[in-house]
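Colleague: Protein chains in written order, with the working numbering: chain A, 219 to 330; chain B, 219 to 330.
Backbone N, C-alpha and C define an ideal beta-carbon position, used for all residues, glycine too.
Number of protein chains: 2
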Amino acid sequence: MKQTIVARADLGMGQGKLAAQVAHASLSAYEETGTKARKRWKGEGQKKVVVKANGESELFDLAEKARAEGVPHAIIRDAGHTQLDPGTVTALAVGPADDDIVDKVTGHLSLY
Amino acid sequence: MKQTIVARADLGMGQGKLAAQVAHASLSAYEETGTKARKRWKGEGQKKVVVKANGESELFDLAEKARAEGVPHAIIRDAGHTQLDPGTVTALAVGPADDDIVDKVTGHLSLY
Chain A
219 MKQTIVARAD LGMGQGKLAA QVAHASLSAY EETGTKARKR WKGEGQKKVV VKANGESELF
279 DLAEKARAEG VPHAIIRDAG HTQLDPGTVT ALAVGPADDD IVDKVTGHLS LY
Chain B
219 MKQTIVARAD LGMGQGKLAA QVAHASLSAY EETGTKARKR WKGEGQKKVV VKANGESELF
279 DLAEKARAEG VPHAIIRDAG HTQLDPGTVT ALAVGPADDD IVDKVTGHLS LY
């Protein structure tokens, strides 16, 4: 199992900002995940992969794909206290779920 | 409330690797947190701050401080599939807890 977090590479986020947005997405999608899948993922070491997207519409398209596949997912908007405008969409987490299902949604994207 | 994640700046982790380690630490400390505090933190927008440390011993010292303050925390070791040697300590998450308690442990560290 794995969780893939798609983060926007076009916003010029600093490293710490990026990491916080990825963590936010990760936790939010985890909370959408059933107890059994959560336990299995954690038992396997909670594998996480961070990949790149460019632009808000790409994240929304991927979220729609995740929804169609029935995979837990979460889109994050930044509160906008620093660096970004309030409400800027920054990241999407897909899974945890079986690798092949997550890859149907995000397998074509490059590592961040 | 906030959660501060301390990540090692001395390992030369790539941006995606760093983000994954921070997310790992964030989720693990969250799981050590009581239900009431979790809900309050999420209700406030689950504020996360990422800061820098250098070296494993600094993370262990901070973890000991967090323990002494009774703050939920989690130290992360990398599985070592990529970039780092297996078992490398990469990050420590402190909280979620009230800002002043988290700052007692990590308030002196610089933003990542």
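So, at 6 Å on beta carbons, what are the nonlocal neighbours of tryptophan 259 of chain A in its own chain, with the 5 sequence-adjacent residues on each side left out?
Modeller: Cβ neighbours of tryptophan 259 of chain A beyond the five flanking positions: Met219, Pro314.
Colleague: DSSP puts histidine 242 of chain B in a beta bridge; with which residues?
Modeller: For histidine 242 of chain B, which the question treats as bridged, DSSP gives no partner whatsoever.
Colleague: Hey, out of A:Gly252, A:Lys254, A:Lys266, whose CA is closest to valine 320 of chain A's CA?
Modeller: Taking only the C-alpha atoms, the option nearest valine 320 of chain A is A:Lys266.
Colleague: Return the residue from the list B:Thr251, B:Gly325, B:Ala238, B:Gly288 that minimises the CA-CA distance to histidine 299 of chain B.
Modeller: Among B:Thr251, B:Gly325, B:Ala238, B:Gly288, the Cα nearest to that of histidine 299 of chain B is on B:Ala238.
Colleague: Establish whether the CB of valine 267 of chain A and some CB of chain B are separated by less than 8 Å.
Modeller: So, interface residue.
Colleague: For proline 290 of chain B, collect the residues of the same chain with a Cβ closer than 6 Å to its Cβ; drop the 5 residues on either side in sequence, then sort them by chain order.
Modeller: Around proline 290 of chain B: Ala247, Glu250, Thr251.
Colleague: Along the stretch 227 to 251 of chain B, what residues have a CB closer than 7 Å to any CB found in chain A?
Modeller: Of all residues in the stretch 227 to 251 of chain B, Gln233, Gly234, Leu236, Ala237, Ala238, Val240, Ala241, His242, Ser244, Leu245, Tyr248 have a Cβ within less than 7 Å of some Cβ in chain A.
Colleague: Which stretch, first to last residue, makes up the beta strand (DSSP E) that contains alanine 271 of chain A?
Modeller: Taken as a continuous stretch (DSSP letters only), the beta strand (DSSP E) holding alanine 271 of chain A covers 266 to 271.
Colleague: Where does threonine 324 of chain A fall in DSSP's three states?
Modeller: The answer is helix: DSSP assigns threonine 324 of chain A an H, G or I state.
Colleague: Taking 8 Å as the CB-CB limit, is leucine 280 of chain A close to chain B?
Modeller: Not closer than 8 Å to any Cβ of chain B, the Cβ of leucine 280 of chain A fails to qualify, so no.
Colleague: Quick check on glycine 234 of chain B: does DSSP put it in helix, strand or coil?
Modeller: Note: glycine 234 of chain B maps to helix in three-state DSSP.
Colleague: May I ask you to report which of helix, strand or coil DSSP gives alanine 315 of chain B?
Modeller: DSSP places alanine 315 of chain B in strand when its eight states are reduced to three.
Colleague: What are the residues in the stretch 253 to 267 of chain A lying within 9 Å of chain B by C-beta distance?
Modeller: Under the 9 Å Cβ criterion, the stretch 253 to 267 of chain A contributes Lys260, Gly263, Gln264, Lys265, Lys266, Val267.
Colleague: Is there at least one Cβ from chain B nearer than 8 Å to isoleucine 223 of chain A's Cβ?
Modeller: It does: the Cβ of isoleucine 223 of chain A has a partner Cβ on chain B nearer than 8 Å.
Colleague: Give the residues of chain B in contact with alanine 297 of chain A, contact being defined as C-beta atoms less than 7 Å apart.
Modeller: Gly263, listed in chain order.
Colleague: Give the residues of chain A in contact with leucine 329 of chain B, contact being defined as C-beta atoms less than 7 Å apart.
Modeller: In chain order: Gly234.
Colleague: Tell me which residues share the same chain as glutamate 262 of chain B and place their Cβ nearer than 8 Å to its Cβ, disregarding the 5 neighbours each side in the sequence.
Modeller: The residues are Met219.
Colleague: Compute the beta-carbon to beta-carbon distance between alanine 281 of chain B and isoleucine 294 of chain B, rounded to the nearest angstrom, for a pair I have assumed lies under 8 Å.
Modeller: In fact, because the Cβ distance is near 11 Å, the residues do not count as touching under 8 Å.
Colleague: Buried or exposed: threonine 253 of chain B, going by 16 or more other Cβ atoms within 10 Å of its Cβ?
Modeller: So threonine 253 of chain B counts as exposed.
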